[in-house]
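From first to last, the protein sequence lines are chains A and B.
So for the first sequence, the numbering used here puts the first residue at 450; every next one is plus one.
So for the second sequence, the numbering used here puts the first residue at 450; every next one is plus one.
Beneath this line is the structure, given in structure tokens, with notes to follow.
There are 2 protein chains.
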Amino acid sequence: MRIEIICTGDEVLSGKTVNTNFSHISRRLLEEGLPVTWETTVGDDRPTLIEAFRLASQRADAVIVNGGLGPTKDDLSQEVAAEAAGVGLVLWPEWLAKIEAFYAERGRAMPPNNRKQAMLPEGADLVDNPVGTACGFQIDIGKARFYFTPGVPREVYKMLEDQLIPRLRQLFGVKQVNYLKRFHSFGMGESRVDNVLSGVEDLAPAGAVKLGFQAHYPQLETKLAVQAPTLEQAKAIVAPVAEEVRKRLGTVIMAEDDETLEGVILDGLRAIGGDVAVAEVGTFGHVGVRLAAADPNGEVFRRSANTNRRHDLATLLDLASEDEALVENAATAVRVQTGATHGVAVLVDTSGARDPQIEIAIATADHVIRRGSNLVGNAERVRVGAVEMTLDSLRRLLTGQPVTETLDFEKAPK
Amino acid sequence: MRIEIICTGDEVLSGKTVNTNFSHISRRLLEEGLPVTWETTVGDDRPTLIEAFRLASQRADAVIVNGGLGPTKDDLSQEVAAEAAGVGLVLWPEWLAKIEAFYAERGRAMPPNNRKQAMLPEGADLVDNPVGTACGFQIDIGKARFYFTPGVPREVYKMLEDQLIPRLRQLFGVKQVNYLKRFHSFGMGESRVDNVLSGVEDLAPAGAVKLGFQAHYPQLETKLAVQAPTLEQAKAIVAPVAEEVRKRLGTVIMAEDDETLEGVILDGLRAIGGDVAVAEVGTFGHVGVRLAAADPNGEVFRRSANTNRRHDLATLLDLASEDEALVENAATAVRVQTGATHGVAVLVDTSGARDPQIEIAIATADHVIRRGSNLVGNAERVRVGAVEMTLDSLRRLLTGQPVTETLDFEKAPK
């Protein structure tokens, strides 16, 4: 099974556009048991495209070509595909009708050069694009089956899921279903998680479950990939491994699968009819951003005050800025001012002048929890870590877990 | 002049890492008059690497290989380079001494497998990497000169500027200096800017100045690229064109070159000994984020209040939430509360329930300016546009430009 991807377009080749189409397609294919072996990027240049198609057609069994299906004259994929396959171009009246309908719905006449988008190489099969006017198609060139896809991310991502993955699975006789169980954690580094989870796959039949990681600081994603004839069987195979992962990682797991840290916090607040107000110093306001974006209607997120000086926060809340208990007082003050069930304050100083550099407090009606922390890394890393630690502290409190556990990224106070 | 880039590594090929190294290198090379013609991504697999090197060595004059210079056994670039060039590997004692010194400075002994990083193909020339232990090198394979670079962005970006660009310019006899004059604007779409600037290059000798754009909504970057024997000459050639761009685009230009919108605002406030406080509804707090990040010491950014409900903002500021003048009252209230010279308020409603969907007010000691706007696009686009419009309104006020000009992205009130 040799799968290649050819990305086309001057925008991508010149670096003007970062090639996220490729990384998305390749990652999804790998998750479906369809690893990509080679990627080529070339510009909107006929001889170069021909050469790229020729080389891929000699090496690969399947080739996905991305881009070049647009209506303008620098979109060359159909023409070059026809030339490489040694055939002519023919009009697909059904697709032309679809493009015309697309424009009619929007109250506009189809520009004449869109007709080009309905011209496919003779012998090609249409690959449907329900969300755009660029027509996908497949055709055999040399020993490889080529799949042509549009460059617009929304369009190619949909085509990938609905059309390409099923077709490639069939082409390569992949009968298995793929299932990915995911855990999102904060506070344990990738290498330590790898150690802690050593041998966990052995709770499933040999080779059935594959453990992997994706670190995007401050979060780490732990993945259990499994293949099985049905989704139910896949879930059954992975279940004991997942349970063991939960046991070994314990409180650092913030969320699973499509859950997010923010989502878990919102659910926790909703469950108790609670809400939250925030005061932030030195985080550039990112605790508030995260909660606001997750709760656009303001059901449980009351507000956040964002400032870079302790003095400005103290003035705002009518507190003494030099008070050692400023963080606790601020958490209490925003709670009382808004009438929220939870008040959260975080004070970050990346100048090196304060120890600890991060102070976090969460106030409820009954009591105030405080934690101090010094993180490893430069100012940006400390700030990003402080935001995560603030949200994670609230998550821990709402889910009944210990709030002040020491994390891998922390260093001892000076 | 045929330049290719080969990106290596399973992380990149599998899509786990988005290939920003490639886009950065390609964009910089193009700016230096060194366009890339072909890019290949392959994994950490010896036969595939050999084949990729062989093909590139037949097509190209120069090849940059990125990645694979690390100390682990899946880092194969030196070995494969030697095999492709038909030579053996030899130890470079100077580089080994450098790696040992690197570790010694950090109080650690060099791990034995780092010795591998000082093994280069016979006949290779070292390409210095002052910021890491991976040794860059160049060697001729087939008809092409290959340049091997580390995968760590910081390391390859520095090597690109200090070593690769000068070497490639020399290899291809590029004697010219490249100069890029840039304008950052908000409020005029790329195609209209293109129209408005039609023929502007003609103010320089034929073909001397190339006009280009990079759109990253809500901002648009307009670029004038020029080549000349010296930087002074380049600047002199571009000067009348730049002046004409300023004249034609006028007030939509927010900043030039490395300036930013936030930077222009901070400079404007500093110049008058001013400062600013913000109140935001429905922006998820991003006006405050932008100002806070640009002013980490809180010199002129006092604070921002971030909430998603008008009611919550009104409660915070002791205002009536149903008052039609809420946005003006909020701008005035945050100004008075903080004693800042400028109070800014922005209220965004993407639900479709309000018209206009965006309300902005800026209060100073003397008066309050208000503007309302409806933007084209989905909720996310409206929100991002509202943040930019808020900051841009403040920029316009501080630089003495009209605050309420209609922009391309705006639609008429319902």
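Every residue, glycine too, gets a C-beta built ideally from N, C-alpha and C.
Because the structure is a prediction, the values reported are computed rather than measured.
Any beta-carbon of chain A closer than 8 Å to the one on residue i?
i, result
"residue 781 (chain B)", "no"
"residue 617 (chain B)", "no"
"residue 663 (chain B)", "yes"
"residue 744 (chain B)", "yes"
"residue 497 (chain B)", "yes"
"residue 718 (chain B)", "no"
"residue 747 (chain B)", "yes"
By DSSP, does residue i sit in helix, in strand, or in coil?
i, result
"residue 485 (chain A)", "strand"
"residue 594 (chain B)", "strand"
"residue 555 (chain A)", "coil"
"residue 571 (chain A)", "coil"
"residue 450 (chain B)", "coil"
"residue 758 (chain B)", "coil"
"residue 634 (chain B)", "strand"
"residue 459 (chain B)", "helix"
"residue 601 (chain A)", "coil"
"residue 706 (chain A)", "coil"
"residue 796 (chain B)", "strand"
"residue 806 (chain B)", "coil"
"residue 812 (chain B)", "strand"
"residue 491 (chain A)", "strand"
"residue 669 (chain B)", "strand"
"residue 871 (chain A)", "In the structure displayed, chain A extends from 450 to 863; residue 871 (chain A) sits before or after that span and is not available."
"residue 585 (chain B)", "strand"
"residue 854 (chain B)", "coil"
"residue 526 (chain A)", "helix"
"residue 498 (chain A)", "helix"
"residue 465 (chain B)", "coil"
Note down, in chain order, every chain A residue with its Cβ under 7 Å from the Cβ of residue i.
i, result
"residue 476 (chain B)", "463, 464, 465"
Residue i versus chain B: which residues are under 9 Å apart at the beta carbon?
i, result
"residue 738 (chain A)", "733, 734, 735, 737, 738, 755"
"residue 491 (chain A)", "486, 487, 488"
"residue 504 (chain A)", "504"
Please check the pair residue i and residue j, which I expect to be a contact at CB under 8 Å, by giving their CB distance rounded to whole angstroms.
i, j, result
"residue 514 (chain A)", "residue 506 (chain A)", "About 11 Å separates the two Cβ atoms, so there is no contact after all."
"residue 609 (chain A)", "residue 477 (chain A)", "6 Å"
"residue 627 (chain A)", "residue 674 (chain A)", "7 Å"
"residue 795 (chain B)", "residue 729 (chain B)", "5 Å"
Under DSSP, the beta strand (DSSP E) around residue i begins and ends at which residues?
i, result
"residue 619 (chain B)", "It is not in any beta strand (DSSP E) - residue 619 (chain B) instead sits in the alpha helix (DSSP H) that spans 614-620."
"residue 536 (chain B)", "No beta strand (DSSP E) holds residue 536 (chain B); DSSP gives it neither H nor E."
Which chain B residues sit within Cβ distance under 8 Å of residue i?
i, result
"residue 471 (chain A)", "464, 468, 490"
"residue 751 (chain A)", "756, 761"
Using a C-beta to C-beta distance shorter than 7 Å, which residues of chain B count as neighbours of residue i?
i, result
"residue 741 (chain A)", "733, 734, 755, 757"
Looking at chain B, is there any beta carbon in it that lies within less than 8 Å of the beta carbon of residue i?
i, result
"residue 761 (chain A)", "yes"
"residue 765 (chain A)", "yes"
Using the beta-carbon of each residue, which ones in chain A are nearer than 8 Å to residue i?
i, result
"residue 479 (chain B)", "463, 464"
What are the boundary residues of the alpha helix (DSSP H) that includes residue i?
i, result
"residue 686 (chain A)", "680-698"
"residue 469 (chain B)", "469-480"
"residue 515 (chain A)", "Element bounds for residue 515 (chain A): not the alpha helix (DSSP H) but the beta strand (DSSP E), 511-515."
"residue 624 (chain B)", "That residue, residue 624 (chain B), is in no alpha helix (DSSP H); it is neither H nor E in DSSP."
"residue 640 (chain B)", "639-645"
"residue 729 (chain B)", "That residue, residue 729 (chain B), is in no alpha helix (DSSP H); its beta strand (DSSP E) goes 725-730."
"residue 734 (chain B)", "Taken as a continuous stretch (DSSP letters only), residue 734 (chain B) belongs to no alpha helix (DSSP H), as it is neither H nor E."
"residue 834 (chain B)", "828-847"
"residue 787 (chain A)", "775-787"
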